[in-house]
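Here is the structure we will look at, set down as structure tokens.
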Amino acid sequence: MKWDGKVTVDVDQATFTFTVKNNSEQPIILEFPTSQSYDYSVYNAQGERVYHFSKGKMFLQALQYKTLNKGEQIQFESIWNYKTNEAERVPAGMYTVNAILTIRKINDTLVHSQPSTTFEFYIPAENTAFK
Numbered sequence: 149m150k151w152d153g154k155v156t157v158d159v160d161q162a163t164f165t166f167t168v169k170n171n172s173e174q175p176i177i178l179e180f181p182t183s184q185s186y187d188y189s190v191y192n193a194q195g196e197r198v199y200h201f202s203k204g205k206m207f208l209q210a211l212q213y214k215t216l217n218k219g220e221q222i223q224f225e226s227i228w229n230y231k232t233n234e235a236e237r238v239p240a241g242m243y244t245v246n247a248i249l250t251i252r253k254i255n256d257t258l259v260h261s262q263p264s265t266t267f268e269f270y271i272p273a274e275n276t277a278f279k
């Protein structure tokens, strides 16, 4: 199984696309403990967390199952408006995203360390021309 991500940067927002792919020869069944499939945090160049996707959100507390056949993948997309969890716009600069796949089990085997992926991106200066 492979867990990966990419970002598309715009002036006012970043679009994160996270992908889980079954790169094995057999089908896999992913078990999630809630309706949340992924989580991510954004960190500034100083390593301070400026945004946490799941902070303040509630998820259905019910087991969810997703089956991936050989070569199949599932994509998750999330849009971030460059604002902290306190609704303040972050300054332009380099940022790092760390995303995890919030699985509990793969094929009925308990996962002790959730798959994670990390990547960097640049946030452009805020466009104040239309404000």
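For the sequence shown, position 94 (counting from the first letter as 1) is numbered 242 according to the working numbering, and the numbering increases by one without interruption.
Beta carbons: idealized from backbone N, C-alpha and C, even for Gly.
Whose C-alpha, out of T182, S202, I177, is nearest the C-alpha of Y188?
Of the candidates T182, S202, I177, the one whose C-alpha sits nearest the C-alpha of Y188 is S202.
Look up Y188 in the DSSP assignment and give the residues it is bridged to.
Per DSSP, A247.
Over the uninterrupted beta strand (DSSP E) stretch that includes Q221, give me the two end residues.
From DSSP, the beta strand (DSSP E) with Q221 extends over 221 to 228.
Counting along the chain, where does the beta strand (DSSP E) carrying F180 start and finish?
Residues 176 to 180.
Throw me the rounded Cβ distance for the S226 and F164 pair, which I believe falls under 8 Å.
S226 to F164, Cβ: 5 Å. Contact.
Are the CB atoms of P239 and W151 nearer to each other than 8 Å?
It is not a contact, given that the beta carbons lie outside the stated cut-off.
When DSSP builds the beta bridges, which residues end up paired with G241?
DSSP lists I271 as partners of G241.
Figure out for me which residue from L178, K214, D160, R197 has the closest Cα to the Cα of R252.
Cα-wise, what sits closest to R252 is L178.
Cα-Cα, which of S172, Q194, N255, A247 is closest to G241?
Closest option to G241, Cα to Cα, is Q194.
Do F224 and F166 have their C-beta atoms closer together than 8 Å?
Yes. Within cutoff.
Rounded to the nearest angstrom, how far is the Cβ of F269 from that of V157, given a contact under 8 Å?
Confirmed, Cβ separation roughly 6 Å.
DSSP beta-bridge partners for V157?
DSSP, once it has assigned bridges, lists A162 as partnering V157.
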